[in-house]
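Residue numbers (the numbering used here), protein chains in the order written: chain H, 31 to 294; chain W, 1041 to 1517.
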Amino acid sequence: MLNILVCVKQIPDVDLVKMDPETGNLIRTGVPTLTNPLDLNALEAAVQVKERYGGEITLITMGPPMAEETLRECLAVGGDDAILITGRPFGGADTLSTSYSIVMAADMKGKFDLIFCGKETMDGATGQMASQLAERFDASQISCCFTVDEIADGKVRATRTLETGKEVVEATMPCLITVEKDNFYGRLPNLKAYLDSKTAPITTYTENDIDGLDLRLIGVPGSGTIVPKIYPPELPEPGQIIRTGSPKTDVSRLLELLAEKGSI
Amino acid sequence: MATYNKVTPEIAKRLKAVVGEKRFYQGEGIDPNYSHDEMPIYGKYMPEIAVDVETTEEVSGIMKICSENKIPVTCRGAGTGLVGGCVPLPGGVVLCTRRMNKILHYDMDNLVVRIQPGVLLKDLAADALAHGLMYPPDPGEKTATVGGNIATNAGGMRAVKYGVTRDYVLALTVVLADGRIIELGKTVCKTSSGYSLLHLMVGSEGTLGIITEMTMKLIPNPVCDVSCLVPFRDVDSCISFVPKIKLANLDPQSIEFMDSDIVTSSAAFTGNPIFPETVNNEEVGASLLVTFVGTDEEELDQKMIKLGRIAEEAGAMDVLVVATSSNKKAAWSARSSFLTAIEADTKLIDEMDVVVPVDKIPAFLIYIRGLGEEQGIRIRNFGHAGDGNLHIYCCSNDLEVEEFKRRVKVIMDKAYAKCAELEGQVSGEHAIGHAKMGYLRESVGEDVFRLMGEIKKVFDPDYILNPGKVCDATLVR
């Protein structure tokens, strides 16, 4: 039976997050949250593997207590077990300390044959977590996975999407896989699973519950990077519609404007 | 159709004086889109003049000039109609309300909003939501104007629970054909005060007057909602489930029907297969998307549990839950894209939006599919199963236009006859325009059609308002 870990993250709805122009901070208050969409693609890939080869899917996330919502959403569509890492000391973590915390918490549950991740999150979008986790789990890594073709004899064979085509690769397990979304659209939960997920037990770890956790390596102290400033990109000037009443005068006006700007 | 005068340079000058130079268009300056709506198969007709109006007084000014000179006037909103309703058949003037797009005033004590007709449905819905309120009518085309929705009495997905646009119109400011301005209705919950000209104006498609302001009823926004997708092996068992939902007292907000073809098209178009084509490796024949609203999650869970129980008894393949914001967004954007998805992979398209008693939906769909096969025309359909309103599209990528029209006419003639046999109506929510006028006449009979014509004549004795639409009165004189 395969032991599968799927890493997920609750993020603010990035379409609704605004930035405080004075402080450069993201205004998250009152913004609805959602599960990082690419993580749901990773979960779907894991569920397809479970359906084909059998196994158990453990979900893991780090975040505030409300991140439990994301775990329940994922339990409803195929997760079997869920771990929430939460507590103030984990706050402000960059990818270095987050990957450390996740691996330490996952080790509490046991060893995993396969680890699935979204290739990045929609809020941070560093794309660093998967590789850091692979390193810390001492796992091989398959990125941009298009299909998981075969799992046998301790190896995974998968097809990767490249800019120029496809590539078939084989990796030994444990193996961490990030997926392309096209083949792994998340499924809707059925009613029973949805209702069951609401009361399913969730293992919650604080900094005091994880064996061997070095507090100097979590949260802000464990972070290798700081973000001194965030600012929105400068937007180009909005376009203008020329509508003078006739195509002929429209073109004349366009030529005038282009000449004014020195484009012609 | 009546005969009309052409717009002379002198008349054009007077019209231009009403709206000013920047909102007056003539000849090549007229947006070519003003010659058609979203169903160009019904022909393209350019107006001589187009004006963008901004006030009731401007509309009145335009109408006075056109009335004095017997110039036809076709009112147009966003042009999202599907029956050629806003197309200027005899030329004349197109009067576009798209710039009358202001939300004027909320009356939070009476839960109403006063708006101009060019406000887009999506903008009213979003603005009401920002006030903690909901504008219940929910037609699929969110970029339609609310004025257009009133003119066609648009329905939409939530009609099952909340009714249609008509039910939310409390008062209207209307400019009559001769330019007089009248007020219809008041901000009251009920009225028994003579003939309801207000309700006559709703659904009159710009043939009786031009709506320039309206007071719309709103409701408190429901706290939470959830949708369930209920897949079935075939259309028959799918539709048979609809009355069971109602009888179970589940009070759904909407019950949408989708067959497997439209689900496949939509998935290809949006790139997001949110609605499954198979369940447990078995092919889905048709599905219902049932939406509930409530005050808390517990209430919705109880409704879903009950739905699950009756769905199982009815042979549903499963009950899937659309609960997260991402899934809701994906599901409703897929549902809203059905028509666009059909249009995207079709060169020639014609449509009908009949409404039949709910239990007659399978019989009608089976019949129409048979007609499609017989005529070599691809049929796509979806609709509001909760109220029996079906959107049926005849599509072709291979036929020449004239041959397509010929074959579709055979289908339409037979389908509308079948609709009448099943005690249905010609249009559920897209209205009549000029495309369905003949079928309306057959459906309602000569006496009723004549009465409609007489009413038209009272409001518009020179037939200058949107000529050739709904019930061309000149046909029954």
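Every residue gets a Cβ at the ideal spot worked out from N, C-alpha and C, and that includes glycine.
- The region 1041–1124 of chain W contains, as complete beta strand (DSSP E) runs of 3+ residues, the segments 1064–1066, 1089–1092, 1113–1116 (chain order).
- Annotated three-state conformation of residue 1266 of chain W is strand, per DSSP.
- Annotation: the region 106–172 of chain H contains the following complete segments of the alpha helix (DSSP H) (minimum length 4 residues), in chain order: 125–139, 159–167.
- Proximity to residue 37 of chain H across H:172, H:66, H:281, H:52 peaks at H:66, based on C-alpha coordinates.
- Taking the beta carbon of residue 276 of chain H as reference, the chain W residues within 7 Å of it are 1068, 1069, listed in sequence order.
- When Cβ-Cβ separations below 8 Å define contact, residue 33 of chain H makes no contact with chain W.
- Beyond the five residues adjoining it in sequence on each side, residue 268 of chain H comes within less than 8 Å, by CB distance, of no other residue in the same chain.
- Taken in chain order, the unbroken stretches of alpha helix (DSSP H) that lie wholly in the region 1176–1222 of chain W and span 4 residues or more are 1186–1192, 1199–1202.
- Taking 8 Å as the upper bound for CB-CB distance, residue 249 of chain H and residue 123 of chain H are in contact here, some 5 Å apart.
- For residue 1184 of chain W, the CB contacts under 6 Å within the same chain, skipping 5 residues up- and downstream, are 1118, 1120, 1161 in chain order.
- At a cut-off of 8 Å between C-beta atoms, residue 1367 of chain W counts as an interface residue with respect to chain H.
- With a threshold of 16 other beta carbon atoms within 10 Å, residue 293 of chain H falls short and is exposed.
- For residue 1420 of chain W, DSSP records a beta bridge to W:1433.
- Among the residues of the region 1330–1361 of chain W, those with a Cβ less than 9 Å away from any Cβ of chain H are 1337, 1341, 1344, 1345, 1347, 1348, 1351, 1358, 1359, 1360, 1361, in the order of the chain.
- By the Cβ neighbour-count rule, residue 1111 of chain W is buried, with 16 or more other Cβ atoms within 10 Å of its own.
- When C-beta atoms of the region 1322–1333 of chain W are compared with those of the region 1264–1283 of chain W, three or more pairs fall below 8 Å, so the two segments count as touching.
- Contact annotation: the region 184–200 of chain H does not touch the region 1340–1357 of chain W, with fewer than three C-beta pairs closer than 8 Å.
- Chain W places a beta carbon closer than 8 Å to that of residue 103 of chain H, counting this residue as a contact.
- Taking C-beta atoms as the reference points, residue 71 of chain H and residue 148 of chain H count as a pair closer than 8 Å.
- Taking C-alpha positions only, residue 139 of chain H is separated from residue 233 of chain H by approximately 10 Å.
- The closest CA to that of residue 260 of chain H, considering only H:98, H:109, H:57, H:116, is found on H:57.
- Rounded to the nearest angstrom, the gap between the Cα atoms of residue 1088 of chain W and residue 1254 of chain W is 29 Å.
- Non-local beta-carbon contacts of residue 1401 of chain W in its own chain, meaning distances under 7 Å to residues more than five positions away in sequence, involve 1279, 1425, 1428, 1430 in chain order.
- For residue 1143 of chain W, the uninterrupted beta strand (DSSP E) segment begins and ends at 1143–1147.
- Residue state for residue 1337 of chain W is assigned as helix, using DSSP reduced to three classes.
- For residue 187 of chain H, the beta-bridge partners assigned by DSSP are H:180, H:200.
- Membership of residue 33 of chain H in the beta strand (DSSP E) is indicated by the continuous run 32–37.
- Contact of residue 206 of chain H with chain W is not assigned, every C-beta pair being separated by 8 Å or more.
- Cβ proximity to chain H below 9 Å picks out nothing from the region 1270–1297 of chain W.
- Around residue 43 of chain H, the beta-carbon contacts reaching into chain W at under 8 Å are 1365.
- Residue environment for residue 1145 of chain W: exposed (fewer than 16 other C-beta atoms within 10 angstroms of its C-beta).
- Taking a contact as a CB-CB distance under 8 Å, the pair residue 1219 of chain W and residue 1100 of chain W counts as one, their CB atoms being some 5 Å apart.
- DSSP, reduced to helix, strand and coil, places residue 1271 of chain W within a strand of the structure shown.
- At least 8 Å separates the CB of residue 1109 of chain W from every CB of chain H.
- Rounded to the nearest whole angstrom, the CA to CA distance from residue 229 of chain H to residue 1213 of chain W is 54 Å.
- The beta-carbon distance between residue 1093 of chain W and residue 1139 of chain W, rounded to whole angstroms, is 7 Å. This is short enough to meet the 8 Å contact definition.
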